[in-house]
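Some notes on the structure that comes next.
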Amino acid sequence: MTDWPTREQWAEDRRKFPRLPDGWQSMQPSNAGYVRHHLADYASDAEIRAVIALLEQAWRDLGREVRAAAPHSGAKLEASAKRRDVNDWTKQLQEEDASLPIYSGRRLKREELLAMVPLLGQIEARYTTACDAARIAWEQWRDSVAIVDVSDEAWAVELERRQAEEERRRRRAEELAAWDANREEWERQRREEAIARGVATRARRREKRFQEAIQALRNNALRPADHCRCCKKPLIDPPSIARGIGPECWEHVLKAVEREQAA
Ligand SMILES: [Zn+2]
179 MTDWPTREQW AEDRRKFPRL PDGWQSMQPS NAGYVRHHLA DYASDAEIRA
229 VIALLEQAWR DLGREVRAAA PHSGAKLEAS AKRRDVNDWT KQLQEEDASL
279 PIYSGRRLKR EELLAMVPLL GQIEARYTTA CDAARIAWEQ WRDSVAIVDV
329 SDEAWAVELE RRQAEEERRR RRAEELAAWD ANREEWERQR REEAIARGVA
379 TRARRREKRF QEAIQALRNN ALRPADHCRC CKKPLIDPPS IARGIGPECW
429 EHVLKAVERE QAA
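Counted the way this note's numbering counts, the sequence shown spans residues 179 to 441.
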């Protein structure tokens, strides 16, 4: 079981690290408080597509400016640099997890960008509003946790939370153990099946070798060998070596032949 902090330690930790409200834990902290940064939280798919279409139009317009400008002129370099900026933003906005704020200025000025794509300004304004609200919420929360509750009631809640957590961990451990047991059982079955298949295969091969030995006996084609042609055991006595079949297998072969003759 877990070594939970003592009440004194718990109270001290609470003063040092107050717990964030639940909704904030999934958000990115920033100096504006806890706020969502995903573009998709502030703009619909259609709006994002419209912004991208406008940027693509701006990219084509700047292309015309580049081509129209005199070679190596300042105007040509300027237009090329702006065009690269537009291209970078387009890519940024097309990414699955595009985040705000979009603008990180290089050559193209923010006013120029927003003049080309006013909708982007509206979207960023929504984000700014969210940041303001988040900052206010953050400041309120920070002021409220300055008085940390370490009362008997808060301690009772903490003990309940610990109990629930212990229970959750115990169930998880049980699930894992059950899963392990199932896996062991499954692997045991698989091993047994593999062994059974091996036994069947070996029996089939031995039977085939008996049939071949019987055929060889009929055809007078038995040959000397140092291992039994039926069971592969090494042969020691001269008669066995001479026919290439050990005593036990020889008996089996002779009985089979007798049975066939009787039939
Ligand atoms: Zn044998």
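Each residue gets a CB set at the ideal place from its N, CA and C atoms; glycine is no exception. Being a predicted model, the structure only gives us computed values, none of them experimental.
Three or more C-beta pairs under 8 angstroms: does that hold for the region 292–305 against the region 192–201?
no
Is it true that the CB of alanine 391 sits closer than 8 angstroms to the CB of arginine 407?
yes
Under three-state DSSP, which class holds valine 443?
Because the chain in this structure spans residues 179 to 441, residue 443 falls outside the shown range and cannot be described.
What do you get for glutamate 302, buried or exposed, if any count of 16 or more other CB atoms within 10 angstroms of its CB means buried?
buried
Helix, strand or coil for proline 417, going by three-state DSSP, please let me know.
helix
Alpha carbon to alpha carbon, how far is methionine 205 from alanine 359? Give it in angstroms, no decimals.
39 angstroms
With DSSP as the reference, label proline 249 as helix, strand or coil.
coil
Measuring straight from C-alpha to C-alpha, what distance separates glutamate 345 and glutamate 190?
25 angstroms
Would isoleucine 226 and leucine 217 qualify as a contact pair, given that the criterion is a beta-carbon distance under 8 angstroms?
yes
Within the same chain, show all residues whose beta-carbon is closer than 6 angstroms to that of arginine 340, passing over the 5 residues directly before and after it, in chain order.
Trp182
Check whether the Cβ atoms of valine 244 and lysine 254 lie closer than 8 angstroms to each other.
yes
Classify proline 412 as helix, strand or coil using the three-state DSSP reduction.
strand
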